[in-house]
Structures are given as structure tokens and as C-alpha cells.
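Encoded as C-alpha cells, the structure appears first; notes follow it.
Residue numbers (this note's numbering): 116 to 434.
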């Protein structure tokens, strides 16, 4: 599982033009051999910490979970490579006070320990680190995805679990209610403007041959469904709901539109000169839109950002 998660993150970074991050994401063979965690080790902030009323000290080793922690009103004391979270336009913004604790799958244990965390937040893919990290602080292991689970529903489940672990169930309920209301408003606006009739490919071009496309298991894909849009990509995807494909596979649904997420200007220019790209039905039909860069694994905050961006792109204004 860790090998798959590591590979997915490298592909996400490559899609957004930050392939230079690869050296920082190097995973050892021991890590790659890990079977991961089922989520059974999940814990939470101690009752004493909650009762004291102070903000818990949290270290997070995943950017999507870091976004969810921030959305719940807790600023982590440490995050793996916060610079890349900012580069990928993670939402909410990551404060400068957050300490860099090392690589996503190779954190600096001394730095983590020095921060005296009340809780360390990890994913099931961090299985090989669990024993070492649990000696420093209790662990919260994000619930794993159910087979074929909608990515937005998974984000909601993880937010609920995180809220309980952080001692913030009321804040979590309020956040999720606001998120549902926001997506509902976008859904209504899209329907009123007749913008829900055409399927959409959500994609992040890598180069003139390959692109990442997002399926229903991704936060992007789940958000599409939540706002009443149809995902044109119905083929298999990986553990993050993403598939790396060549452009020829995007011609199956000839009626579909395409939304390019975080596409680099230089690459757009090269695509404009590509016969392969120009032959795609949505290009020939002038049905290509652009969305700003956003963190693909960013939980419910990403869902809101994507919904708002889709509303602007398809109707000309936010809901």
C-alpha cells in the first residue's frame, strides 16, 4: 500500500509541474514492502488535553489530512514538507509557523519528538512507521477507503473521524454542514443554468502525451457528483481515484467537455501545437475550460474550492 501511495503522490506532483520534488519523496525498500495499516490504531487527543481547552499539538504526515486539520481550526505544529502543500495551493493556507518535519514517508523522528505532539496524524500507507511514531505520541490513522467509495464521501468520513480524535465534534459537524450547503448551492446554480447536461473530464495534463484524469474515487470526482455533474471518466483508477493515461483514451465520450486543473501555460502552448490534442472531440468542439491549481487529496476544503471553481467556469459566477 505504501508503494502505491508513494507512486500516486509522485504522479500528482508531476502533473502540476513539480517533478523536482521527487528526491524529497524517496521511499526506502523497507517502506515500499509495508502492507500499511487498516486504521485500527486510530487514537485521539487525551481527555486531559481536551478538558484543558488548549489547542492540541498535532503533527501531520499527509497534505490532504493537514488541510482537514486546518479546516477544523487546528494549526499543526508540524507537517511533512509544508512547502509543497503551499506550492500545490492547499486550502486552507498553511501558516509559516508550521515546522517542516521531513519527508512524507521518512519524517525526522527527532524533529517530531521535539515538537511534543499530542497526536500524530497519518494514513494507512504509513504502516511501517506506526511503531516508531506511536512511541512519541498517540496516532490517528485515517480511515481507509471502502471499495469504489465516492471520494467526497470518504473525505466526509475522515473529517468526522478527525474531529472526534481532536476533540472537536461540534466544529466538525458545523464544517460539514457548511460544506454540504455550499455544494448544494453550486448544484442548484449549475442546474438553473443548464450546465449539468454534458459529462466532464477532470484532468491535469502532464505533457503532450500523458495526462492524469480523476475518477469517482477521487475528491474531485466525488465533488462532481455532489454538484450534479457527470464524470466522463468511468474506467478504473488508482487508490487516490486517479488514472494516468494517454490522450487517445479521452475520445470515448464524444459529447464530453474537459476541465484542466492547474495546467501550466507553457504546456498549454505545446498542447495547442499537438495534432493528438487537437483531434480530441472536446478540443474540436471548443469545450475545454481551465480551473486553478488545487490539492487533489485535500478533503472537504478541496471539495468547496473545486465546486466554486466549477460554478465560475460553467456559469460565469460563484453560487
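Virtual Cβ for every residue (Gly too), placed ideally from N, Cα, C.
Asked	Found
By how many angstroms is the C-alpha of residue 238 removed from the C-alpha of residue 203?	19 Å
According to DSSP, simplified to helix, strand and coil, what is residue 192?	coil
Could you check which residue in 184, 383 and 390 has the C-alpha nearest to that of residue 286?	184
Using a beta-carbon distance below 8 Å, is residue 313 in contact with chain B?	Considering every chain present, this structure includes no chain B. It has just one protein chain.
Let me know the alpha helix (DSSP H) ranges lying completely inside the region 293-356, each 4 residues or longer, listed in chain order.	334-341
When we look at the beta-carbon of residue 405 and count the other beta-carbons within 10 Å, is it buried (16 or more) or exposed?	exposed
Mind checking whether residue 66 and residue 174 have CB atoms under 8 Å apart?	The displayed coordinates of the chain run from 116 to 434. Any statement about residue 66 would go beyond what the structure contains.
Taking residue 346 as the reference, give the member of 335, 283, 354 and 408 with the closest Cα.	335
Count the other CB atoms within 10 Å of the CB of residue 309; is the residue buried (16 or more) or exposed (fewer)?	exposed
Does residue 372 come out as helix, strand or coil in the three-state DSSP assignment?	strand
Under a three-way DSSP split, which group does residue 255 fall into?	strand
Is residue 234 helix, strand or coil when you go by DSSP?	strand
Give me the residue from 223, 413, 434 and 332 with the minimum Cα distance to residue 182.	413
Candidates 419, 159, 426 and 434: which alpha carbon is nearest residue 292's?	419
Could you pull the DSSP bridge partners for residue 215 from this structure?	194
Can you give me the Cβ contacts of residue 216 inside the same chain, cut-off strictly under 7 Å, excluding the 5 residues immediately before and after it?	174, 193, 194, 195, 222, 223, 226 and 227
Looking at residue 269 and residue 187, is the spacing between their C-beta atoms short of 8 Å?	no
Taking Cβ positions, are residue 443 and residue 374 nearer each other than 8 Å?	Absent from the model: residue 443. The displayed extent of the chain is 116 to 434, so no value can be given.
Buried or exposed, going by whether 16 or more other CB atoms sit within 10 Å of the CB of residue 397?	buried
Write down the C-beta distance between residue 319 and residue 377 rounded to the nearest angstrom, noting that I regard them as a contact closer than 8 Å.	6 Å
How many angstroms separate the CA atom of residue 258 from the CA atom of residue 339?	22 Å
Have a look at residue 356 and residue 273 and give me their C-alpha separation to the nearest angstrom.	16 Å
Near residue 230, which residues of its chain fall below 8 Å by C-beta distance, leaving aside the five closest residues on each side in sequence?	172, 174, 192, 193, 214 and 216
Nearest CA to the CA of residue 350: which residue from 342, 341, 368 and 343?	368
Going by the beta-carbon positions, is the gap between residue 159 and residue 255 smaller than 8 Å?	yes
Whole angstroms are fine: how far does the CA of residue 333 sit from the CA of residue 248?	28 Å
Secondary structure at residue 414, three-state DSSP: helix, strand or coil?	helix
Locate the alpha helix (DSSP H) running through residue 228, then write down its first and last residues.	224-229
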